[in-house]
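Residue numbers (our numbering), protein chains in the order written: chain A, 248 to 347; chain B, 67 to 434; chain C, 296 to 761. All C-beta atoms in this analysis are idealised placements derived from N, C-alpha and C, irrespective of residue type, glycine included.
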Amino acid sequence: MSSPLHLAQAEPGPAFRVTLDGREIEALPGQTVAAALWTAGVTSWRTTRDAGRPRGVFCGIGVCFDCLVTVNDRPNQRACLLPLHPGDVIRTQEGTGHDD
Amino acid sequence: MVGAACALYAARAGLDVTLVDRGPVAGGTTGAGEGNVLVSDKEPGPELDLALLSGRLWAELAREFGDAVEYDAKGGVVVASSPGGLTALERFATEQRAAGVVAEPVAGDVLYDLEPHLAPGLPGGVHYPQDRQVMPALAAAHLARASGARLLTGHTVTGVLRGPGGAVRGVRTDRGDLHAPAVVNAAGTWGGDLAALAGVHLPVLPRRGFVLVTEPLPRRVHHKVYAADYVADVASDSAALQTSPVVEGTAAGPILIGASRERVGFDRSFSLPVVRALAAGATLLFPFLSDVRAMRSYVGFRPYLPDHLPAIGPDSRVPGLYHACGHEGAGIGLAPGTGHLIAQALTDKTPELDLTPFRPDRFPEEAA
Amino acid sequence: MTDRPHLAVLGAGPAGLAATAAAASHGVRVTLLDAATRAGGQFYRQPAAELRARRPQALHHQWRTWERLRDGLRAYVTVGAVRHLTDHHVWCVERRPSGGLTVHALLGPEQEDPVEMRADAVVLATGGYEKVLPFPGWTLPGVVTAGGAQAMLKGTLALSGRTAVVAGTGPLLLPVATGLAAAGVEVPALVESADPKAFVHRTRALAAQPGKVAEGARYAAQLLRHRVRLLARHTVVEAHGTDRVEAVTVAALDADGRVRPGTSRRIPCDTLAVGHGMLPHTDLAETLGCRLDGTDVHVDDEQRTDVPGVWAAGETTGIGGAALSLAEGHIAGRSAAARLHGTEPDPRAWAAAAKSRTRLREFFAALGTVYAPPAHWTEQITDDTVVCRCEEVTGGTVREAVAELGAGDVRTVKLLTRAGMGWCQGRVCGPAVAGLTGCGLTPSRRPFARPVPLGVLARAGEHEDQ
């Protein structure tokens, strides 16, 4: 079967672990938050501030800010831009991403 | 905003009103403002009297339009940065109280109950519960609609029509003539140009201001909060750049940061030094803002007259011409009072306030 | 060496790379700033280095051109003629009162720490982004821009699902559909609202581009091989699902560009990649005071804007693809080099690039008349469809501002509804709001090309003015 990794003959280093809302997820070196979450079958990691609707990647290039997410307690990071590191703690972001 | 308020009060006084604007609704200074409805920054005198009248009228309008115009009676907090500053501020508040303003001195610890995120170590300030905020563009649009006035946006007034005795007969626009026995000049920063079309001198000039807008946040700034030197800047005659931090939250989430004042004509170009000064002032007052992102900034031109009072009422030089412009940075707040006074003048009622200080013909011609 | 004039090139896509090479080869010190971790821009977006892809060309077209650009950059960097600064997100370019410019950037994906750089001149090669027009369900997770699906694939080798419908209009849809299919995604349909066959009739523009004819034939063969059904003159009416897209309804369009009743069909999918063309990034140019023509930065024959010391090249001057970006970038770099040395450039030096620029602009102008959204696309926006994704402003709210409150332009709609006031600053909803308002799309003023922390802003350029 075909996959992008096969197609591009990618040979990344060993996978590492991060967490999404406490659940362990595997990520590959070089993957962004969005890429790792997509690969884990997750397509939304934010809810909107009025209607509470789920959102994930839309533009994929950092323009639309739909994929905002909280990583290591820093809110409003763009999942499509931010590379992951071992042990990163990803949290689904609600509303503004700021507690109060 | 002032035009919409004049339309509303005139229509409710029984007049048939047409609202003409060369741009869209709220396209001038209204759309570039923060929606200040303030008494706190005004010293006792005619402008404060107008602000107190307008505040009462805003409270009435809020019952009708409240949520639609994001009316928020949140109050203002003026903060002193030094003990000396606090003494001066409290003296100012005492004078305001004598004129009918509710102004409550707050000591340091109470200050942090009102605004927990303020920078530590501030000596105190004054709380003004009568300060409020509205969303200015929504306010103008909703008042204009409620007035039932015929709305002609995108119509540029090119002349004032005069009758045989010199009395106003209407206006000429680029899309046809409009006939009316009375014309109200509510052209804001461009009010001087409209007055000139009627052949009279009204020296309205622009005073540029930038506003910074942050990312949406939960409510962390609860009042309109500003530093005591803001009052001095508002009243100043200087042409040079002045900035004093003014910080407030909004119903929609973003925090608005002002206020800069410069006399640079109608130059709309972005100025990083001005915006930097706004950011610096705001982060000094509220250190948590350092990590908050600015999303945009916008620019507007406050319409000011040399004595910093608006022109309100009939023009003795041209029968049928009325002025309602030159409110500087206070037009949103002062609009209902202005509209109410204009409606009284249009219907030959005794105005609720003495219009003498606001006389449009108070500026000698040779100043031009 | 530091006495040599200093040119900052903003953007390391085809236009920026061509400008960098042209200027560096003519004695100018160049700093190339780019937001990505690797050069290439959107068109030649490279997989992250750590993914160690040995065959990234499997995801790309015109790979040899890329190799030439990449090797050229490497060579100039090696000899010290070019500095390539990755992960630099430029938020403002400021003209200094004393002359020259200051480039303000934020570092890294977090974009928290600032860096400032002076330059004698800049080339704006900021590229473009995708336009998407709303329809019910377009905010569901799994609905992505066509370019976004491609960017995630090229840059991170990731897919959002197994079954993707590709839809909208424009030449980008073909490589997205074939690219996803080659990567193992089932693509049940490519839904194109235009009729690409109409383009064949525009023989003059096409005849001038034999390469484009061959490219079209190659895509057609690939669609066939991957069993991707092309539904021309069709549109997506709605995306279905609760927490993510589960299916889309597509329908045929009549000659007027309206949905033909009785033609709708439902296609199950877990991804919808949708796009309706491209828009240029013009924020930096606008804040510098450069004249814009519509949505494009205005440039002269030398790719100069009307602001001294500021050149622009590539998509920012009008959407036209990678080959046109290369030609414009080359001309901008040559012109800037000559003028920074105080000499009048000789246009004969870039005659070939100028010729190619003329042909490609004609080609894309012709393309633009064929690939257009359905004439009545606003009818598909129901009153409860979210139009502004950031501030969750619906089509009904925008329509009310227009019909009831007297708004007739994008700025007034924004003031009255908040559409365009959110994180993306109206970049995404702008075309839809303009369409619903019945006015043309004019670029918003965005003094900050990206959000900037107030703590950074409070210190920005403070040394300049002292």
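- A/ASP313 counts as buried, since no fewer than 16 other beta carbons sit within 10 angstroms of its beta carbon.
- B/PHE429 and B/ALA377 have their C-alpha atoms roughly 10 Å apart.
- B/VAL135 and C/GLY465 have their C-alpha atoms roughly 41 Å apart.
- The beta-carbon distance between B/VAL83 and B/ALA73, rounded to whole angstroms, is 5 Å. This is short enough to meet the 8 Å contact definition.
- At least one CB atom of chain B sits nearer than 7 Å to the CB of C/PRO742.
- Pairing B/CYS391 with B/GLY190, the inter-Cα distance amounts to about 36 Å.
- For B/PHE336, the chain C residues whose C-beta falls within less than 7 Å of its own C-beta are THR582 and PRO742, listed in chain order.
- Per DSSP, C/LYS650 is one residue of the alpha helix (DSSP H) stretching across 646 to 665.
- DSSP places B/ARG157 in the uninterrupted alpha helix (DSSP H) bounded by 149 to 164.
- For B/GLY97, the residues of chain C that pass the 7 Å Cβ criterion are LEU710, in the order they occur in the chain.
- With contacts defined by Cβ atoms closer than 7 Å, C/LEU567 and C/VAL523 do not form a contacting pair.
- Assigned with DSSP and collapsed to three states, B/PRO171 falls in strand.
- Contact annotation: C/VAL482 and C/ALA489 have beta-carbon atoms that are not nearer than 7 Å.
- Between the region 378 to 386 of chain C and the region 321 to 337 of chain C, the count of Cβ pairs shorter than 8 Å is three or higher; the stretches touch.
- In this structure, B/ASP414 sits away from B/VAL297, with a CB-CB distance that is not shorter than 7 Å.
- Per the Cβ contact rule, the region 396 to 403 of chain B is in contact with the region 121 to 138 of chain B (3 or more Cβ pairs under 8 Å).
- Taking a cut-off of 8 Å on C-beta distances, the region 605 to 620 of chain C touches the region 573 to 587 of chain C, as three or more cross pairs fall below it.
- The DSSP-derived three-state label of B/TRP124 is helix.
- The shortest C-alpha to C-alpha distance from C/THR558 to any of C/VAL545, C/GLN406 and C/GLY725 is the one to C/VAL545.
- The DSSP-derived three-state label of C/LYS507 is helix.
- When the five nearest sequence neighbours on each side are left out, the beta carbons in the same chain lying within less than 8 Å of the beta carbon of B/ALA98 are those of GLY275, VAL277, TYR364, VAL365, GLY366 and PHE367, in order along the chain.
- Rounded to whole angstroms, the separation of the alpha carbons of C/ARG365 and C/HIS636 is 26 Å.
- If you draw a 10 Å sphere on the C-beta of A/ARG338, you find 16 or more other C-beta atoms in it, and that means buried.
- A Cβ-Cβ separation of about 5 Å places B/THR349 in contact with C/LEU749 under the 8 Å criterion.
- Cβ contact annotation for C/GLN675 (same chain, cutoff 6 Å, sequence separation greater than five): PHE430, in chain order.
- Per the C-alpha coordinates, the member of C/VAL461, C/ALA462 and C/GLN445 positioned closest to C/LEU454 is C/GLN445.
- Judged by DSSP in its simplified three-state form, C/LYS449 adopts helix.
- Within the same chain, THR582 come within 6 Å of C/PRO742 by CB-CB distance, once the 5 residues on both sides are set aside.
- Assignment of alpha helix (DSSP H) within the region 225 to 304 of chain B, counting only whole runs of 4 or more residues, yields 257 to 263 and 295 to 301 in chain order.
- The DSSP-derived three-state label of B/GLY397 is helix.
- When secondary structure is reduced to three states using DSSP, B/PHE367 falls in the strand class.
- DSSP places C/GLU623 in the uninterrupted alpha helix (DSSP H) bounded by 616 to 635.
- If you check each beta-carbon in the region 263 to 283 of chain B against every beta-carbon of chain A, the ones closer than 9 Å belong to GLU281, PRO282 and LEU283.
- In the structure shown, the three-state DSSP call for B/ILE378 is strand.
- C-alpha of C/ARG713 to C-alpha of B/ALA212: approximately 21 Å in a straight line.
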